[in-house]
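Chemist: This is the structure I want to talk about, given as structure tokens.
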Amino acid sequence: MSTALHDLNIAAIREDFPILTQLVHGKKLVFLDSAASAQKPRAVIDAMVQVMATQYANVHRGLHYMSEKASDKYEAVRDKVAEFINAGSRDEIVFTRNATESINLVAYTWGRASLQPGDAVAVTEMEHHANLVPWQMLRDAHGTELRIIKITDAGEIDWDSLEQIFADGRVKLLAVTQMSNVLGTYTPIERLAKFAHAHGAKILVDGCQAVVHRRIDVRAIDADFFVFSGHKLYGPTGIGVLYAKAEILESMPPFMGGGDMIASVSYEKSTWAKPPHRFEAGTPAIIETIGLGAAIDYVTAIGFDAIAAHEQALTEHALAVLPQIEGLRIIGAAQDRGGVISFVMKDAHPHDIATLLDRQGIAVRAGHHCAEPLMGRLGVTSTARASFALYTLPEEIDALAHGLERVRKIFA
Amino acid sequence: MTSLYETLVIERTRHPHHAGKPAHFDAQGSGANAICGDRVSIYVNRDSMDVHHESEGCAIMSASADLMADATIGKTTAQITQLAQDFAVAVATGTENPALGALNALASVSKYPSRIGCATLPWRALEEALQNV
Numbered sequence: 001m002s003t004a005l006h007d008l009n010i011a012a013i014r015e016d017f018p019i020l021t022q023l024v025h026g027k028k029l030v031f032l033d034s035a036a037s038a039q040k041p042r043a044v045i046d047a048m049v050q051v052m053a054t055q056y057a058n059v060h061r062g063l064h065y066m067s068e069k070a071s072d073k074y075e076a077v078r079d080k081v082a083e084f085i086n087a088g089s090r091d092e093i094v095f096t097r098n099a100t101e102s103i104n105l106v107a108y109t110w111g112r113a114s115l116q117p118g119d120a121v122a123v124t125e126m127e128h129h130a131n132l133v134p135w136q137m138l139r140d141a142h143g144t145e146l147r148i149i150k151i152t153d154a155g156e157i158d159w160d161s162l163e164q165i166f167a168d169g170r171v172k173l174l175a176v177t178q179m180s181n182v183l184g185t186y187t188p189i190e191r192l193a194k195f196a197h198a199h200g201a202k203i204l205v206d207g208c209q210a211v212v213h214r215r216i217d218v219r220a221i222d223a224d225f226f227v228f229s230g231h232k233l234y235g236p237t238g239i240g241v242l243y244a245k246a247e248i249l250e251s252m253p254p255f256m257g258g259g260d261m262i263a264s265v266s267y268e269k270s271t272w273a274k275p276p277h278r279f280e281a282g283t284p285a286i287i288e289t290i291g292l293g294a295a296i297d298y299v300t301a302i303g304f305d306a307i308a309a310h311e312q313a314l315t316e317h318a319l320a321v322l323p324q325i326e327g328l329r330i331i332g333a334a335q336d337r338g339g340v341i342s343f344v345m346k347d348a349h350p351h352d353i354a355t356l357l358d359r360q361g362i363a364v365r366a367g368h369h370c371a372e373p374l375m376g377r378l379g380v381t382s383t384a385r386a387s388f389a390l391y392t393l394p395e396e397i398d399a400l401a402h403g404l405e406r407v408r409k410i411f412a
Numbered sequence: 413m414t415s416l417y418e419t420l421v422i423e424r425t426r427h428p429h430h431a432g433k434p435a436h437f438d439a440q441g442s443g444a445n446a447i448c449g450d451r452v453s454i455y456v457n458r459d460s461m462d463v464h465h466e467s468e469g470c471a472i473m474s475a476s477a478d479l480m481a482d483a484t485i486g487k488t489t490a491q492i493t494q495l496a497q498d499f500a501v502a503v504a505t506g507t508e509n510p511a512l513g514a515l516n517a518l519a520s521v522s523k524y525p526s527r528i529g530c531a532t533l534p535w536r537a538l539e540e541a542l543q544n545v
């Protein structure tokens, strides 16, 4: 672990995140809920403040200095995102509110235009509600089928189930997470993409969790769609990304109507702008987009090799320390897993665990993590979850373990 | 560490006095918290106001259900309604009320705003049951 920690100057990184010096209930904040939303570095905060203070106006419409400056900054982030995930073109990057909106956009437009009633969409048992409910809504409105690929007890994709589900050739989309927000499992995403394509299906990758921890290359994955949110990537809320291959975006009708997404408008008929603007009706989240750009610069400067090594070391440390607590059970045991660890404790309900840890300044999440069907599959109603980020210290995992010992004693 | 998780709450979570579905009951009500998945079913005997509960959830919720059942025995519907109101005030404000007796053990849940709903969930289920009596 020490080698990886030396690669990353955590003390310096922590100074970049002003919130980490806050006290909670008089205790030092130990923030282990980054998988829900990550904290923000000064660079992101400053970039957003700076654009409001010095270069703000609406984008794409003003023929004046401020609008041109704001438009340039806003559109430069599109280039940055394209490079960040190695898209083939900036026009393949659509800005949305978050990954949830990105998936809904695909379901509503591509789903209705390119899927026929009777075609099937396949998801796995470990999807977030965001990658399940839009496909249910499409099923109910459009007559597509929704199929669920099983996972193993370890929390990995059950390949036999996958093959069965694709056997009749009716699956036209595989919508799958790259990293489970509950189990920490990384799915073999390139292999899944190959599988889907070999079976005549497209693949949508929910990259919300994975994009924070690993370098993403949508072309190496051969993803047809890839979605993520800015706020988990140390950026602001209110900005998300939909990547889709150019020819797919070209074929998709608009999502919402309004300004910015049109080529021409008359009372009789309107025509649509080319992608990506076709899917960006109305004034976008200008400030948040610029904040996302700063977040991407921030993580890129640190580098994903160092981030991944640090987080892998943290995960290994947690997987060594936490099971030593009597009555604690970690949920999921995937071979390839990251720093999202769900657990339950004998006699202590996850919400009581979270409340008692909170009084010690330790923030974890408790509940079903927007994955109710997965909870059923795992035979629990909820779990407690600790998740790690590039600013997490091994000492914070020790603090968690210490806090959990106190919880155990209360319920013993 | 914190007065909320004092002996009585832990004790009643681990060893409830009124848990389980009774063989005979006149009315039932249920409550669920969509956010955390907690569920409770309440069974009422009309004549004695003997209340039983099936709780699946956190310590605050299950202890609250059990202490509630202590408090309702022999009371009238009107008295129980008053008790429910007093309890709701106590857990919202943290102010103990002599009329609540042992239920005051849960008053300090007021310091944990996200958990107040756990304490009141069994009372809402009881209210539903009483409408069916």
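Chains as they are written, first to last, in the numbering used here: chain A, 1 to 412; chain B, 413 to 545. Backbone N, C-alpha and C fix where the C-beta goes; we use that ideal spot for every residue, glycine too. The model shown is predicted, which means the values in this text are computed figures rather than measured ones.
#1: Could you name the residues that DSSP lists as bridge partners for residue 441/B?
#2: Have a look at 58/A, 140/A and 225/A and flag the residue whose alpha-carbon is nearest the alpha-carbon of residue 174/A.
#3: Spell out the partners DSSP gives residue 343/A in its beta bridges.
#4: Here's a check: name, in chain order, each residue in its chain whose Cβ is nearer than 6 angstroms to the Cβ of residue 122/A, leaving out the five neighbours to either side.
#5: Output the distance between the C-alpha atoms of residue 202/A and residue 195/A, rounded to the nearest integer angstrom.
#6: Which residues, in order along the stretch 268–299 of chain A, keep a beta-carbon less than 7 angstroms from a beta-carbon of chain D?
#7: Indicate whether the contact test is met: 3 or more Cβ pairs, each with one atom in the stretch 299–315 of chain A and one in the stretch 364–372 of chain A, closer than 8 angstroms.
#8: If we ignore side chains and look at the alpha-carbon of each, how far apart do residue 60/A and residue 197/A end up?
#9: Check whether chain A comes within 8 angstroms of residue 475/B, counting only Cβ atoms and requiring the distance to be less than that.
#10: Decide if residue 181/A is buried, meaning its Cβ has at least 16 other Cβ atoms within 10 Å, or exposed.
#11: Which residues of chain A have a Cβ atom closer than 8 angstroms to the Cβ of residue 468/B, listed in chain order?
#12: Could you check what DSSP says for residue 33/A in three-state terms: helix, strand or coil?
#13: By the criterion of Cβ-Cβ separation under 9 angstroms, what are the contact partners of residue 481/B in chain A?
#14: Mind checking if residue 356/A is an interface residue toward chain B, Cβ cutoff 8 angstroms exclusive?
#15: Tell me, please, whether the CB atom of residue 331/A is closer than 8 angstroms to any CB atom in chain B?
#16: Excluding the 5 residues preceding and the 5 following residue 536/B in the sequence, name in chain order all residues of the same chain whose CB lies nearer than 6 angstroms to its CB.
#17: Would you verify that the beta carbon of residue 410/A is, or is not, closer than 8 angstroms to some beta carbon of chain B?
#18: At what residue ranges does the stretch 258–340 of chain A contain a whole run of the beta strand (DSSP E), taking only runs of 3 or more?
#19: Find the residues of chain B that neighbour residue 349/A, judging by a C-beta separation of less than 7 angstroms, and give them in chain order.
#20: Taking residue 367/A as the query, report the chain B residues whose CB atoms sit under 9 angstroms from its CB, ordered along the chain.
#21: Have a look at 139/A, 94/A and 154/A and flag the residue whose alpha-carbon is nearest the alpha-carbon of residue 284/A.
#22: Taking the continuous alpha helix (DSSP H) assigned at residue 467/B, which residues delimit it?
#23: Where does residue 505/B sit, in a helix, a strand or coil, going by DSSP?
#24: Please work out which residues of its chain come closer than 7 angstroms, Cβ to Cβ, to residue 527/B, disregarding the five sequence neighbours upstream and downstream, and give them in chain order.
#25: Please name the residues in the stretch 128–159 of chain A whose beta-carbon is closer than 8 angstroms to at least one beta-carbon of chain B, in chain order.
#26: Quick one: is residue 205/A buried, meaning 16 or more other Cβ sit within 10 Å of its Cβ, or exposed?
#27: For residue 480/B, which three-state DSSP category applies?
#28: Is there at least one Cβ from chain A nearer than 8 angstroms to residue 424/B's Cβ?
#29: Can you list the residues of chain B that residue 352/A reaches, using a CB-CB cut of under 8 angstroms?
#30: Since residue 257/A and residue 281/A should fall inside the 8 angstroms C-beta cutoff, what is the C-beta to C-beta distance between them, to a whole number of angstroms?
#31: Output yes or no for whether 8 angstroms exceeds the beta carbon distance between residue 378/A and residue 310/A.
#32: Return helix, strand or coil for residue 418/B, following the three-state DSSP convention.
#33: With a threshold of 8 angstroms between beta carbons, is residue 536/B in contact with chain A?
#34: To the nearest angstrom, report how far apart residue 353/A and residue 264/A are at their CA atoms.
#35: Hey, would you say residue 118/A sits closer than 8 angstroms to residue 143/A, going by beta carbons?
#36: With respect to the alpha helix (DSSP H) encompassing residue 206/A, which residues constitute its N-terminal and C-terminal limits?
Modeler: So, from the listed chains and residues:
#1: Here residue 441/B is taken as the residue at index 29 of the second sequence, counted from 1. BP columns for residue 441/B point to 454/B.
#2: For the purposes of this step, residue 174/A is taken as the residue at position 174 of the first sequence. That would be 225/A, whose Cα lies nearest to the Cα of residue 174/A.
#3: As a position in the first sequence, residue 343/A is number 343, starting the count at 1. Residue 343/A is bridged to 330/A and 384/A.
#4: For the purposes of this step, residue 122/A is identified with residue 122 of the first sequence, where counting begins at 1. If we look at residue 122/A and ignore the five residues flanking it on each side, its Cβ neighbours are 147, 149, 165, 171 and 174.
#5: By one-based count along the first sequence, residue 202/A stands at place 202. By one-based count along the first sequence, residue 195/A stands at place 195. For residue 202/A and residue 195/A, the distance between alpha carbons rounds to 10 angstroms.
#6: The structure shown contains no chain D; its protein chains are A and B.
#7: no
#8: In the first sequence, residue 60/A corresponds to position 60, counting from 1. In the first sequence, residue 197/A corresponds to position 197, counting from 1. About 37 angstroms.
#9: To locate residue 475/B, count along the second sequence from 1; it is residue 63. Closer than 8 angstroms: no.
#10: Reading the first sequence from its first residue, position 181 is the one you call residue 181/A. By the 10 Å Cβ count, residue 181/A comes out buried.
#11: Here the question's residue 468/B lines up with position 56 in the second sequence. Per Cβ cutoff of 8 angstroms: 381.
#12: Within the first sequence, the letter at position 33 stands for residue 33/A. Looking at residue 33/A - three-state DSSP - the assignment turns out to be strand.
#13: In the second sequence, the residue the question calls residue 481/B occupies position 69. The contacting residues do not exist; residue 481/B stays about 19 angstroms from chain A at best.
#14: In the first sequence, the residue the question calls residue 356/A occupies position 356. With 8 angstroms as the cut-off, residue 356/A counts as an interface residue toward chain B.
#15: Counting from 1 along the first sequence, the entry for residue 331/A is found at position 331. It does not; no Cβ of chain B falls within 8 angstroms.
#16: Stepping through the second sequence from its first residue, residue 536/B is reached at position 124. Hits under 6 angstroms: 443.
#17: Translated into positions along the first sequence, residue 410/A becomes position 410. So yes, residue 410/A belongs to the interface.
#18: 262–265, 270–272 and 328–331
#19: Taking the first sequence and counting its residues from 1, the one referred to as residue 349/A is at position 349. Near residue 349/A (Cβ distances below 7 angstroms), the residues of chain B are 469, 470 and 471.
#20: Residue 367/A sits at position 367 when you count from the first residue of the first sequence. In chain order: 447, 448 and 449.
#21: What you label residue 284/A is simply residue 284 of the first sequence in a count that begins at 1. If we check each option's Cα against that of residue 284/A, 94/A comes out closest.
#22: Translated into the one-based positions of the second sequence, residue 467/B becomes position 55. That residue, residue 467/B, is in no alpha helix (DSSP H); its beta strand (DSSP E) goes 462–468.
#23: Here residue 505/B corresponds to residue number 93 of the second sequence, with the count starting at 1. The answer is helix: DSSP assigns residue 505/B an H, G or I state.
#24: On the second sequence, position 115 is the one that residue 527/B refers to. Hits under 7 angstroms: 472 and 521.
#25: none
#26: Along the first sequence, one-based indexing puts residue 205/A at 205. Under this definition residue 205/A is a buried residue.
#27: Taking the first residue of the second sequence as position 1, residue 480/B is located at position 68. In this structure, residue 480/B counts as helix in the three-state DSSP scheme.
#28: Along the second sequence, one-based indexing puts residue 424/B at 12. No, its Cβ sits nowhere closer than 8 angstroms to a Cβ of chain A.
#29: As a first step, residue 352/A must be located in the first sequence, where it is residue number 352. Residues of chain B passing the Cβ test: 417, 470, 471 and 472.
#30: If you number the first sequence from 1, residue 257/A lands on position 257. If you number the first sequence from 1, residue 281/A lands on position 281. So it is a contact: roughly 6 angstroms between Cβ atoms.
#31: Residue 378/A sits at position 378 when you count from the first residue of the first sequence. Residue 310/A sits at position 310 when you count from the first residue of the first sequence. Not closer than 8 angstroms, so no.
#32: Counting from 1 along the second sequence, the entry for residue 418/B is found at position 6. Coil.
#33: What you label residue 536/B is simply residue 124 of the second sequence in a count that begins at 1. It does not; no Cβ of chain A falls within 8 angstroms.
#34: What you label residue 353/A is simply residue 353 of the first sequence in a count that begins at 1. What you label residue 264/A is simply residue 264 of the first sequence in a count that begins at 1. When rounded, the distance between both Cα atoms is 57 angstroms.
#35: Start at 1 with the first residue of the first sequence, and residue 118/A comes out as number 118. Start at 1 with the first residue of the first sequence, and residue 143/A comes out as number 143. Yes, these two residues count as a Cβ contact at 8 angstroms.
#36: Here residue 206/A refers to the residue found at position 206 when the first sequence is read from its first residue. Segment 202–206 is the beta strand (DSSP E) holding residue 206/A; no alpha helix (DSSP H) there.
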